[in-house]
Structure formats: C-alpha cells, structure tokens
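Report on the following structure.
Residue numbers (the working numbering): 2 to 255.
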C-alpha cells in the first residue's frame, strides 16, 4: 500500500527493489487514476490495483504476474542462446501499454542471462525512465522546464492532455537490439522534441525530472550508467547502449 505507518509505500518499494530486484510488486492504492498509475510505474511496480476494485481486480492482477513469470521461465532456455536479435514496438501514449512493455523488456533481459538481477533491474529502470519521459515530455508536452509546474499541477495537466485529441494520437516507439557484446535501446516519440545542444537545457530537464520524481532524474541515471547515450537532432529520440558480453553486476563497465 502507498500509505503505511512508519515507512510509506515509496520507501518500502525502494527497499524491495534494492534488496530483491527480481521480486514483482503490485501496488494497492485508495485512489485509481493516471497519477497513481504513473507513480506506481516510477517506483518499479509491475501493476497497481485501486482499493475500491480490490475484490474484482486483485486476483486477476496476481494471475497476470504469475503467468508472466511462468512464461519468462519457459522462454529463458531459448533466450539465453540469443546472440543477435532486433525487436521494434510501437505503442500508444498510454500508461497501461507502457507498463506492459516495461514488464516485457524486463523478462527479455532476464532471459538473456547476461546480467545479474541487479543489472537487469537497473537497465529496466533506464528503459522505464525513457518511456515515461517520452510520454510526459514528448506525447503530452508537459513540463519542458523545471519550474513551470508543481508536481500535482504537472500530473493534473498530463491527465487533462491525455484526453485531448491533439495529444491522444501520439505514439511511442521502442527498439531493442541485442548483439554478441552489446544491448541497445532506442526510444522515440512524435512530440516536438527539445534542443538538447542548447547550453544548460539538458541540465534543466534533468532538474525538472528530479523535482517531479521520487527517484531523481532518469536522464542523469542513463547518462551515468549507460555505455553510450545520444539524442537525435530533433530531440525526440534517445538511444543508449550497454556493453553486456559477460554476466556482471555493473551496468557501466567503463
């Protein structure tokens, strides 16, 4: 639950992710809206269930988790032999689709057996941050600067724009490329992008992310942990890679 005595749900989930990175977590909340869905995603949960829907939705949510774990285990024998693979996904700007894609990527990375559980969790977090950045800053064009909106206003504006036809048709594309020695992700949206070469703007965007998130800046995390990171000229696509030709607990071998 997000509200608990002594330690709140965010702190508890952070501790689970740190100590048991392979353990899937379902968040239970008294509310059920896009703000809670986004916060659950940000914290690393695989799903969330509003309390008012507990009787109807909890068992199906747990069934989904168990089914996904079984499928991941069954495919692991095949995935561990993958040497070269390219997969491309195009989804709507929708938090549920983003959540499903994040879980799928996590299972694929686990099946490769090139990384420890900790490294898989870190790389999955980098993908999650990129997808959420594409959703908020790209598809919905919310908070391109660090001081334009407080957190609640930021999330409220995102919820309003999600219902607008001007933003609802935008999509997010993710490409995963696996080679013998490297894992590469490309995440793009069809929003306007930003001038990442302008002095200080990337730092401002990182500050905006940090102010809106319980975890800090996703862009900063990618920049520090990935082997390479670059934007396209329009600023609406990020590509990052990780050297991963051996099983290691370090996501950045440099």
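Beta carbons: idealized from backbone N, C-alpha and C, even for Gly.
Under 6 Å Cβ to Cβ from residue 185, same chain only, skipping five residues before and after it: list those, please.
The beta carbon of residue 185 lies closer than 6 Å to those of 178, 242 in the same chain, with the five residues before and after it left out.
Taking residue 244 as the reference, give the member of 102, 120, 126 with the closest Cα.
Among 102, 120, 126, the Cα nearest to that of residue 244 belongs to 120.
Using CA coordinates, which residue listed in 20, 158, 180, 230 is at the minimum distance from residue 188?
Closest by alpha carbon: 230.
Where does residue 48 sit, in a helix, a strand or coil, going by DSSP?
It is a strand residue.
Can you tell me the Cα-Cα spacing of residue 102 and residue 65, whole angstroms?
Within the model, the alpha-carbon separation for residue 102 versus residue 65 is close to 14 Å.
In whole angstroms, what is the alpha-carbon distance linking residue 284 and residue 160?
Any answer about residue 284 is impossible in this case: the structure gives the chain only from 2 up to 255.
From residue 85 to residue 113, what distance separates their C-alpha atoms?
Between residue 85 and residue 113, the C-alpha separation is close to 11 Å.
Could you give the uninterrupted runs of the alpha helix (DSSP H) lying entirely in the region 163-188, keeping only those of 4 residues or more?
Within the region 163-188, the runs of alpha helix (DSSP H) at least 4 residues long that lie entirely inside it are, in chain order, 166-169.
Length of the line joining the Cα atoms of residue 155 and residue 78:
Each residue's Cα considered, the two are about 43 Å apart.
Here's a check: name, in chain order, each residue in its chain whose Cβ is nearer than 7 Å to the Cβ of residue 62, leaving out the five neighbours to either side.
Beyond the five residues adjoining it in sequence on each side, residue 62 comes within less than 7 Å, by CB distance, of 27, 48, 50 in the same chain, given in chain order.
Where are the alpha helix (DSSP H) runs, 4 residues long or more, that stay fully inside the region 90-153, in chain order?
Those alpha helix (DSSP H) runs which fall completely within the region 90-153 and span 4+ residues are 96-113, 118-134.
Exposed or buried, residue 75, counting other C-beta atoms within 10 Å across all chains shown (16 or more means buried)?
Residue 75 is exposed by the Cβ-count criterion.
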